[in-house]
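K.L.:
FYI, in mature numbering (1 follows the signal peptide of the UniProt record, and there is no 0) the residues of the sequence shown are -24 to -1, 1 to 195.
Built from N, CA and C at the ideal position, the CB exists for glycine as well.
Can you read through this structure? Questions will come right after.
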Amino acid sequence: MVNRRSLPAVPLAVAAVLSLSACGGGGEKSAEDDRIAGADGGGSTSAAPGPSASPEVKRPAIKLPKDMKNVFEGGGTGDPVVEAVLRDSEGRINSLDEAIHTRSLERPAFGFYNTGDAARGAAVWVQGFYDDKITWTGTVRYYDRKVTVEGKKKDKATLSYCADESKAFNKELKSGKVSDAVDGSGDSLVFYHTRLVKNDKGVWQTTDVYSKRGTSPCQ
């Protein structure tokens, strides 16, 4: 299973890190266990799948190394609002991984897609990779993504999904050593429940994140 670093149990206030270039103000909460634009962070990189929702707003370009892959299943619902939520959520996930790869929380995409508690919790999580002098390598699969659009203006939404981290591992920056697989496949699955708000520029920013590792909804 995955031996990737987990999100903190409780997000801490790290306001100093949140002077980020954002498209709006203001969540990442985690019940238990449990990753910005075109910068070179060492090693070859490839463009991450870019969100294309709200074409009037230009999304920041995000680059991830070739050995750091996120695979998003689902989509193609035919509902433009749901598709926009999914695409900006993908941008958010990629922005966290770019922050890990580039060793910078000040990349454009981080503040573009994250706000409030989600931004604070994500900053704590990413900082942990910096402190431990690690990154991650492999593939994370995101699946069973379910969107519920809320509000009269359809400007709020909840998104739940599962992440399979069984093919993603910690990697030491100095030695390049990759962590060994760990027994217990259930611990490689993480359930997420997130809240998003559409800001005045048409971007679906994630405001809150709840996550739990090894839970039955993902098995």
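Output the boundary residues of the alpha helix (DSSP H) element that contains Glu66.
P.N.:
Working through the sequence shown from its first residue, we reach residue 66 at position 90. Unbroken alpha helix (DSSP H) run through Glu66: 56 to 78.
K.L.:
Report back the beta-carbon spacing between Asp64 and Trp180 to the nearest angstrom; my notes put them in contact at under 8 Å.
P.N.:
On the sequence shown, position 88 is the one that residue 64 refers to. On the sequence shown, position 204 is the one that residue 180 refers to. Correct: roughly 4 Å between the Cβ atoms.
K.L.:
For Leu172, write down the residues that DSSP places opposite it in a beta bridge.
P.N.:
By one-based count along the sequence shown, residue 172 stands at place 196. DSSP output for Leu172 lists Ala133, Thr182 as bridge partner(s).
K.L.:
Roughly how many angstroms lie between the CA atoms of Glu141 and Glu82, to the nearest whole one?
P.N.:
Here the question's residue 141 lines up with position 165 in the sequence shown. Here the question's residue 82 lines up with position 106 in the sequence shown. About 26 Å.
K.L.:
Decide if Thr170 is buried, meaning its Cβ has at least 16 other Cβ atoms within 10 Å, or exposed.
P.N.:
If you number the sequence shown from 1, residue 170 lands on position 194. Under this definition Thr170 is a buried residue.
K.L.:
Is it buried or exposed for Ser192, if we count other Cβ within 10 angstroms and need 16 for buried?
P.N.:
Counting from 1 along the sequence shown, the entry for residue 192 is found at position 216. Counting Cβ neighbours within 10 Å, Ser192 comes out exposed, since fewer than 16 surround it.
K.L.:
Could you tell me the alpha carbon to alpha carbon distance between Pro41 and Ala144, rounded to whole angstroms?
P.N.:
Stepping through the sequence shown from its first residue, residue 41 is reached at position 65. Stepping through the sequence shown from its first residue, residue 144 is reached at position 168. The straight-line gap from Cα to Cα measures roughly 13 Å.
K.L.:
For Pro36, which three-state DSSP category applies?
P.N.:
Here residue 36 refers to the residue found at position 60 when the sequence shown is read from its first residue. Coil, per DSSP.
K.L.:
To the nearest angstrom, how far is the alpha carbon of Gly178 from that of Lys34?
P.N.:
As a first step, residue 178 must be located in the sequence shown, where it is residue number 202. As a first step, residue 34 must be located in the sequence shown, where it is residue number 58. Rounded to whole angstroms, Gly178 to Lys34 spans 10 Å at the Cα level.
K.L.:
Measuring alpha carbon to alpha carbon, tell me which residue in Tyr186, Ser187, Arg189, Asn90 is nearest Val173.
P.N.:
What you label residue 173 is simply residue 197 of the sequence shown in a count that begins at 1. When only C-alpha atoms are compared, the closest one is Asn90.
K.L.:
Pick out whichever of Glu74, Met44, Glu59 has its Cα sitting closest to the Cα of Ile38.
P.N.:
Here the question's residue 38 lines up with position 62 in the sequence shown. With distances taken between Cα atoms, Ile38 lies closest to Glu74.
K.L.:
Indicate the three-state DSSP secondary structure (helix, strand or coil) for Glu4 in the structure shown.
P.N.:
Numbered from its first residue, the sequence shown carries residue 4 at position 28. Annotation note: pLDDT 47 at Glu4 (below 50); position unreliable, no value reported.
K.L.:
Using three-state DSSP, classify Ser151 as helix, strand or coil.
P.N.:
Mapped onto the sequence shown, residue 151 falls at position 175. Correct three-state label for Ser151: coil.
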